[in-house]
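Comments concern the structure below.
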Amino acid sequence: MSTLVIIAHPNLAESRISKRWVQELQKQSGVTVHSLYEAYPDEQINVAHEQKLLEQHDRIVLQFPFYWYSTPSLLKKWLDKILTYGWAYGSEGGKLQGKELLIALSAASVEENYQHDGRNRYTIEELLRPLEATSHMIGTKLLPYFVQYGAGVLTDEQLEQSAQKYVQAVIS
Ligand SMILES: Cc1cc2nc3c(=O)[nH]c(=O)nc-3n(C[C@H](O)[C@H](O)[C@H](O)COP(=O)(O)O)c2cc1C
1 MSTLVIIAHP NLAESRISKR WVQELQKQSG VTVHSLYEAY PDEQINVAHE QKLLEQHDRI
61 VLQFPFYWYS TPSLLKKWLD KILTYGWAYG SEGGKLQGKE LLIALSAASV EENYQHDGRN
121 RYTIEELLRP LEATSHMIGT KLLPYFVQYG AGVLTDEQLE QSAQKYVQAV IS
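Residues in the sequence shown are numbered from 1 upward in steps of one, following UniProt numbering.
This is the structure in structure tokens:
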């Protein structure tokens, strides 16, 4: 199984969770780590390169910090540019059909806030519906979401546990 992890963090060097997750991923064989903001500081995405990378892997992971209940903007742009008609979907498309898709994100809010009576009003599953629908449209098999809540209150020990659990979710 070959796995491509697309990282979409605008400031990976100063991040805590994403950076730690990436460090752990880089120890794994069969895992390609691809950081969009580092690859494209001018945000000009090389579509052919991205599509080739995707075609070469069996499992695709989208890793990002939750930004306004969604993905950071470069990942949205990446989705818009890469998932084209005739490649990702349509009668001549389906290039990602059957591949596995793992969505992995970190969020500042604690899990209790992602409830109908909590301050974010909706669950993470509800807020991630656009990605779920996208996965359905392109024919990928959506794996259970990997979510690290409570970024601001996460202890170093919890972060280590999170990194270990995340790697297992990515490689198993
Ligand atoms: C522009 C922006 C928007 C954010 N929106 C949310 C949000 O909607 N929900 C949430 O729980 N956290 C939100 N956060 C907090 C980030 O998700 C959090 O800082 C990040 O996941 C921490 O991971 P890191 O250590 O890898 O940077 C936001 C942060 C920024 C900068």
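Glycine included, every Cβ here is placed at the ideal spot set by N, Cα and C.
Predicted, not measured: the structure shown is a model, and the values here were computed from it.
Could you work out which residue in the options is closest to residue i when comparing CA atoms only?
i    : options                  : result
S172 : R20, S15 and D58         : D58
A169 : P72, Q148, L154 and V153 : Q148
I17  : S106, L4, E43 and T32    : S106
First and last residue of the beta strand (DSSP E) that includes residue i?
i   : result
H34 : V31 to S35
L96 : Premise fails: L96 is in no beta strand (DSSP E) and is neither H nor E.
What are the partner residues of residue i, as DSSP defines its beta bridges?
i   : result
P65 : S106
V22 : V22 is not bridged to any residue.
Please report how far the alpha carbon of residue i lies from the alpha carbon of residue j, in whole angstroms.
i    : j    : result
L12  : T134 : 26 angstroms
G150 : K52  : 35 angstroms
P65  : E92  : 33 angstroms
P41  : K141 : 30 angstroms
E160 : L75  : 26 angstroms
G35  : R20  : As written in the sequence, residue 35 is Ser, which differs from the Gly given in the question. Taking the straight line from one Cα to the other gives about 14 angstroms.
E38  : D156 : 26 angstroms
H9   : S73  : 10 angstroms
Start and end of the alpha helix (DSSP H) containing residue i?
i    : result
L79  : S73 to I82
L12  : Note, L12: premise wrong, no alpha helix (DSSP H); not H, not E.
L159 : D156 to I171
I138 : R129 to I138
Q51  : V47 to E55
Query raised in the report: In chain order, what residues place their C-beta within less than 5 angstroms of a heavy atom belonging to ligand 1?
Result: S15, R16, I17, S18, P65, F66, Y67, W68, Y69, S106, A107, A108, S109 and A151
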